[in-house]
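**Student:** My questions will all concern the structure given below.
Residue numbers (the numbering used here): 30 to 231.
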């Protein structure tokens, strides 16, 4: 077992409406799980490496990227993630349409599939990468923070919520319209946020 603290980009892509979808399809739970897995796979494939999957957390996927010694690679990573993030929703919606027309959606399996939406939480900071054999685990205050932000005051179902550090660090290909906000947590305190809404992109 060993640990190593590094600067990281932390990202959680969470499928909103998961509980209602699974309850609506309780009679075909196996196919419903496969639909969620296909959506998670689409998310992972869209981001691509060098982001790594830290953990699949039910209806969400927790991803991270470590800053290496090469500044040029770090700049490329920040730019690549910025480019990918603003097209996340189109990829997710396209996958929903594909699945709705697939064999997984035969019969009543796809009840409530259109209610599935995507929200993305992004933070940059530092984390301990703990390696135990072939397993890796991230820990630290910034890891806790990005998970806390899953529970927030945003009313919309499709959005990217970024901390101030993430909004500053990630390089977007163009200026995107964002709304500022404040989230409050008893153990962490106030967190300034920047929210990008897909339906307000124009």
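We put the beta carbon where it would ideally sit given N, CA and C, even for glycine.
How long is the line joining the alpha carbons of residue 82 and residue 39, rounded to whole angstroms?
**Tutor:** The straight-line gap from Cα to Cα measures roughly 10 angstroms.
**Student:** Starting from residue 94, follow its DSSP beta bridges and name the residues at the other end.
**Tutor:** Answer by DSSP bridge pairing, in chain order: 38.
**Student:** Does DSSP put residue 68 in a helix, a strand or coil?
**Tutor:** Note: residue 68 maps to helix in three-state DSSP.
**Student:** Does the distance from the C-beta atom of residue 54 to that of residue 137 stay below 9 angstroms?
**Tutor:** Closer than 9 angstroms, so yes.
**Student:** Please state if the CB of residue 156 and the CB of residue 61 are separated by a distance shorter than 9 angstroms.
**Tutor:** No, the Cβ-Cβ distance between residue 61 and residue 156 is not below 9 angstroms.
**Student:** Could you tell me which uninterrupted alpha helix (DSSP H) segments, each at least 4 residues in length, are contained entirely in the segment 114 to 173, listed from first to last along the chain?
**Tutor:** If we require 4 residues or more, the alpha helix (DSSP H) runs fully inside the segment 114 to 173 come out as 117 to 129.
**Student:** Does DSSP put residue 213 in a helix, in a strand, or in coil?
**Tutor:** DSSP places residue 213 in strand when its eight states are reduced to three.
**Student:** Would you mind giving the Cβ-Cβ distance between residue 107 and residue 191, rounded to the nearest angstrom? I have them listed as a contact below 8 angstroms.
**Tutor:** That belief does not hold up - the Cβ atoms of residue 107 and residue 191 are roughly 13 angstroms apart, past 8 angstroms.
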